[in-house]
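Novice: For reference, the structure I am asking about is given below.
In my numbering, the protein residues as written are 687 to 969.
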């Protein structure tokens, strides 16, 4: 498998850094994958490879879904796993759940787990518990630091609070990605200053997101990685349908047009950025 030092600039290799194939094949949450599900997952993986998507990171949102992501990574060479507790799945049992996440890391002899997440803060929906979310986020940051893994951060209606928690660890070698970036340029600069890159996908193509397009037309390409968040947030032409990791190709083309760059440059640099951040997927 190629590493970040051997990517050729004319090689249209793409990486989906945030996907949920486990949800795509099950159509539900917090149940275990079956062999039938794995057969369906193979079709998705093969379609992605046919569209130049050579690596996919499936991202956990709970203990069960993190286990499912690990199983996908153990089954398919092009798949890798992130393990973590999503803020909207953060229950009163979060301490025990974080311990279960750590067990997955400790048992990962094949090094298929490449990140902690998705974790963070989400104050969008009513009845959220601020302190519980912050404490669970802190615990997962500690895991990332202890096991030298990057973070995949979910932040919604909680930008400054997210930075506040991250800054508690600012003297450490913390790094990661702000998933599905949707904030302004000032927040982008704050994140980049803290060694975080910006993840972008289908939302970049939505007509209403003019400010987001302005931001991604100017921010340094070295700070951008591509993601689908499949089955969610498809590109504009596919709105109302299920998203798919193969659409990373379309996101890359859209970004190239937006920035007046070649698709080769976008593919090379975003793949390089992804391999730098998730370094074990290049081994």
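No residue lacks a Cβ here, since even glycine has one placed at the ideal position from N, Cα and C.
All values derive from a computational prediction rather than experimental measurement.
Buried or exposed, going by whether 16 or more other CB atoms sit within 10 Å of the CB of residue 871?
Specialist: Label assigned to residue 871: exposed.
Novice: What's the gap between the Cα of residue 778 and the Cα of residue 824?
Specialist: In a straight line, the C-alpha of residue 778 is about 15 Å away from that of residue 824.
Novice: Quick check on the burial criterion: 16 or more other C-beta atoms within 10 angstroms. Buried or exposed for residue 836?
Specialist: With 16 or more Cβ atoms within 10 Å of its Cβ, residue 836 is classed as buried.
Novice: Hey, which unbroken runs of the alpha helix (DSSP H) at 4 residues or more fall wholly within the segment 806-864?
Specialist: Here the runs fully enclosed are 816-832 and 845-853.
Novice: Tell me the DSSP secondary structure of residue 772 in three-state form.
Specialist: Correct three-state label for residue 772: coil.
Novice: Run through DSSP, which three-state label would residue 723 get?
Specialist: Here residue 723 sits in helix by DSSP.
Novice: Report the option in 785, 893, 813 and 751 whose CA atom is closest to the CA atom of residue 720.
Specialist: Out of 785, 893, 813 and 751, 751 has the C-alpha closest to the C-alpha of residue 720.
Novice: Going by other Cβ atoms of all chains shown within 10 Å of its Cβ, with 16 needed for buried, is residue 718 buried or exposed?
Specialist: Its Cβ having fewer than 16 others within 10 Å, residue 718 is exposed.
Novice: Within the continuous beta strand (DSSP E) that includes residue 744, where are the two ends?
Specialist: Per DSSP, residue 744 belongs to the beta strand (DSSP E) from 739-745.
Novice: Output needed for residue 905: all residues of its chain with C-beta closer than 8 Å, excluding positions within five of it in sequence on either side, in chain order.
Specialist: Answer for residue 905: 871, 874, 878 and 884, listed in chain order.
Novice: Please state whether DSSP places residue 913 in a helix, a strand or coil.
Specialist: DSSP places residue 913 in coil when its eight states are reduced to three.
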